[in-house]
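Visitor: One structure, as structure tokens, below. Some questions next.
There are 2 protein chains.
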Amino acid sequence: MARVFADSGHEVDVFEKRSHIAGNCYDEYDQHGVLIHKYGPHYFRTDSEILLEYLSRFARWRSASYHVQAMIDGELVPLPISLSTLTTLTGRVFNEQELALYLQNARVGIGTSVEGQFEPKNAEEQCLVRFGTEIYQKFFLHYTAKQWGILPKDLSPSVTARIPLRYNFDQRYPEEKYQVLPSDGLTAMFKRMLFHPKIQVKINTIVGSEEIAALKLKYSLIFYTGPIDQYFNCVYGQLSYRSLYFEWKNFSFPYLWPCVQINYPNEHPYTRCVEIKHATGQLISSTTVCYEHPVRYCQDSTTEPYYPMLTQDNLQLLERYNVMVDEESVGSTPVHFVGRLAEYRYYNMDQILLKAYNLANMLV
Amino acid sequence: MARVFADSGHEVDVFEKRSHIAGNCYDEYDQHGVLIHKYGPHYFRTDSEILLEYLSRFARWRSASYHVQAMIDGELVPLPISLSTLTTLTGRVFNEQELALYLQNARVGIGTSVEGQFEPKNAEEQCLVRFGTEIYQKFFLHYTAKQWGILPKDLSPSVTARIPLRYNFDQRYPEEKYQVLPSDGLTAMFKRMLFHPKIQVKINTIVGSEEIAALKLKYSLIFYTGPIDQYFNCVYGQLSYRSLYFEWKNFSFPYLWPCVQINYPNEHPYTRCVEIKHATGQLISSTTVCYEHPVRYCQDSTTEPYYPMLTQDNLQLLERYNVMVDEESVGSTPVHFVGRLAEYRYYNMDQILLKAYNLANMLV
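Chains as they are written, first to last, in the numbering used here: chain A, 1 to 364; chain B, 1001 to 1364.
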């Protein structure tokens, strides 16, 4: 957004709470020289050629291969659930018809053999009617419980509704056509994007509700990307988020794993181990992996808010804040709330980039 | 073939020159406990459900991912040539139209912009008209020269005619739908196949032309799978083959490479480095890789005949031997010539397995 406005001749100030740009997309070289994704892996992928064309002003690209496997009963099994998964899991080569039949049988205990004929009330029922008991228990039950800190039966069906199911052998994790990363990393791309005579970036700058009042006097338009509840001093109470504790480990050999991400649904306190070198394509003799331990987000601790917790309570709270958001969007200095935290909504990288790009172009 | 005949009630004797079964598909655990493919990687894949169904009597399977990258200018670039390759090679994200345009321009120097409008006289022209100069020089020129010991311009266009070119981002190396390996290895599958009361396997048994004469008195049908010229005592001269010297190296860490095969078109005497753990899926703390050095096959040395050299001279020689092969297929004990060596023809695993299966069923 800053770049779109700057390119149109506007002066733009960017206030950044952290000591660096690029938000959670930030990547950096660690002390061992390995390029890491500091706030968790950002597997950039998109179907939007418009977005790619715009970003290509600031990046050269490399094709990335995002492959994920789950450790199940001591064996690595490809994800997402596909013919590959069932083949390795059962030892029988599955084709489309056999998967359909398998799922039809697996659903029988749920009281239906057809996914659409059953209205799941929670994430557990949602998984069960989609995948049946065996896959649910091996892949999703414990993983979801670790990730969210509550059981799937207490989560909205929407949380697991978009888990892919593939009637083919495609082992690429995302569905999107273009799966690429900037050749020299994400931070470098954002740095070039912000490198413009009309853009000033002020890092280490916290903007709370008091500062906003002052900024409104100076600026004609404001985009807020922090947590929506904190903007309003949490007057109605705090929205809850899941956070992650990242446990980094460097090894002095090339690769620990055969692919970028290993999920541990059933063992260990961490949900997954990410070896980002597989995505960045960096050729270096050592490797750094990251074990992700899900934790509760606490506003006054060092935890970061990563995942909005879409429970009934939070969604009701969000509605109340959204009324105030609407009021902020009018007036002499409109404030727009953009992004995962400001909208309390999960976005992939390309989704929020495209949204920001379109919004900026609409308002510029 | 042995199993099909045995299952139909015939007594079968298998004479095996080597000290083990399974031919070049033989895999074994090396001294470090790593399951290796001793005679080069055998990436089993097939489109034939008939073949898979038959083999499934003798194997449980796991989904294998066969990914190949080439080391080009110090960077790993995905193969086969696809939108992924061009994206990483150029730093620009390619789509279908851009690849078509790129190839159209790249072909201009060859005197055409359309592949089909040009009749290549040799492998060099074949690659040039398919891929253009840049890709030919970076990926194929030196690799082919190393592999065959002669320049592409001295090779038949058929040698490079089937190199794939993909207008998508699919990074799986083979095209076939089913890409799987037996969970406990290829040798184990063949062992179960041969485990039958009516099959006798005699290892360390060389069958030359003299022995054949004796065998004809004992058996009603013979399948010969050795080199076609050696069956006839090389009366017209020797057919030539390319061979490989395998340089094995074990490392006491999990993985050396991010995928099963790294091609070195331009550096080193070896053509590729194979890290078979990526295909077998074995989870073990050390890894064994194999550097493949192409060498000339010499009948009386320890080299093995791997690749028929399809030159004009050899093909003419083959025709003369084939006349004699035809004569062997009749008489009271017909001899059938089956396989890469006996037919002097390149087969993938699934192709020769299916051919053998069909032939056996026809003759049984």
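By construction, the Cβ of each residue, glycine as well, lies at the ideal position given by its N, Cα and C atoms. Quick caveat, the model's predicted, so the values are computed rather than measured.
1) Since E1134(B) is in the alpha helix (DSSP H), which residue starts that stretch and which ends it?
2) Hey, out of D1326(B), K1277(B) and S1332(B), whose CA is closest to H1032(B)'s CA?
3) Under a Cβ-count criterion, where at least 16 other Cβ atoms within 10 Å of its own Cβ denotes burial, should T205(A) be classed as buried or exposed?
4) Quick one: grab the DSSP three-state call for K1355(B).
5) For G237(A) and E327(A), what's the separation of their Cα atoms in angstroms?
6) So which residues of chain B does T88(A) contact, with C-beta pairs closer than 7 Å?
7) Can you find a C-beta in chain B that's less than 7 Å from the C-beta of F253(A)?
8) By how many angstroms is the C-alpha of L317(A) removed from the C-alpha of M365(A)?
9) According to DSSP, is I29(A) helix, strand or coil?
10) Using a C-beta cutoff of 7 Å, does V180(A) count as contacting chain B?
11) Rounded to a whole number of angstroms, what is the C-alpha to C-alpha distance between Y1270(B) and T1144(B)?
12) Helix, strand or coil: which one does DSSP assign to T288(A)?
13) Spatial neighbours of K146(A) within its chain, please: CB distance less than 6 Å, with the 5 preceding and 5 following residues excluded, ordered by chain position.
14) G91(A) versus chain B: which residues are under 7 Å apart at the beta carbon?
15) Since D13(A) is in the alpha helix (DSSP H), which residue starts that stretch and which ends it?
16) Just the Cα atoms here: how many angstroms apart are I110(A) and Q126(A)?
17) Of the choices L341(A), S285(A) and N168(A), whose alpha-carbon is the least far from that of L310(A)?
18) Got a sec: is the Cβ-Cβ distance from Q1171(B) to anything in chain A below 7 Å?
19) Note the first and the last residue of the continuous alpha helix (DSSP H) segment covering R106(A).
20) Is there a C-beta anywhere in chain B that falls below 7 Å from the one on H278(A)?
21) Use the C-beta contact count for H37(A): other C-beta atoms within 10 angstroms, 16 or more gives buried, fewer gives exposed.
22) Give the C-beta separation of L1256(B) and S1048(B) to the nearest angstrom, bearing in mind that I take them to be a contact with Cβ-Cβ under 8 Å.
23) May I ask you to list, following chain order, the residues of the segment 1023-1042 of chain B that have a beta carbon less than 9 Å from some beta carbon of chain A?
24) Whose Cβ in chain A lies nearer than 8 Å to the Cβ of E1049(B)?
25) Can you give me the start and stop residues for the alpha helix (DSSP H) that S1084(B) sits inside?
26) Is the beta carbon of L101(A) sitting closer than 7 Å to the one on F94(A)?
27) For the segment 1321-1338 of chain B, enumerate the residues whose C-beta is nearer than 7 Å to any C-beta of chain A, in chain order.
28) For P265(A), decide whether its Cβ has a neighbour in chain B, counting only Cβ atoms nearer than 7 Å.
29) Out of curiosity, what's the CA-to-CA distance linking A1279(B) and P258(A)?
30) Report the neighbours of P258(A) on chain B: residues whose CB is nearer than 7 Å to its CB, in chain order.
31) Looking at the secondary structure, which residues open and close the beta strand (DSSP E) in which N250(A) lies?
32) What number of angstroms, rounded off, separates the C-alpha of P1152(B) from the C-alpha of V1159(B)?
33) For G9(A), go through chain C and note every residue whose CB falls closer than 7 Å to its CB, in chain order.
34) Can you grab the Cα-Cα spacing for the pair A1022(B) / T1133(B), in whole Å?
35) Would you call the CB atoms of A1002(B) and I1135(B) closer than 7 Å?
36) Within the same chain, show all residues whose beta-carbon is closer than 8 Å to that of H142(A), passing over the 5 residues directly before and after it, in chain order.
Guide: Reading it off the structure:
1) A1123 to I1135
2) K1277(B)
3) exposed
4) helix
5) 19 Å
6) R1062 and S1063
7) yes
8) The shown model of chain A, from 1 to 364, leaves out residue 365(A), and the question about it has no answer.
9) The amino acid occupying residue 29(A) in the given sequence is Tyr; Ile does not appear at that position. Looking at Y29(A) - three-state DSSP - the assignment turns out to be strand.
10) yes
11) 12 Å
12) strand
13) T271 and P294
14) R1060, W1061 and S1183
15) Segment V12 to F15 is the beta strand (DSSP E) holding D13(A); no alpha helix (DSSP H) there.
16) 10 Å
17) L341(A)
18) yes
19) According to the sequence as given, residue 106(A) is Ala; it is not Arg. Counting along the chain, the alpha helix (DSSP H) containing A106(A) begins and ends at E96 to A106.
20) yes
21) buried
22) Rounded, the Cβ-Cβ distance is 33 Å, inconsistent with contact.
23) none
24) N95
25) L1083 to T1090
26) no
27) none
28) no
29) 10 Å
30) Y1255 and H1278
31) Y241 to F251
32) 9 Å
33) Looking for chain C here will not work: the only protein chains present are A and B.
34) 41 Å
35) no
36) P265 and N266
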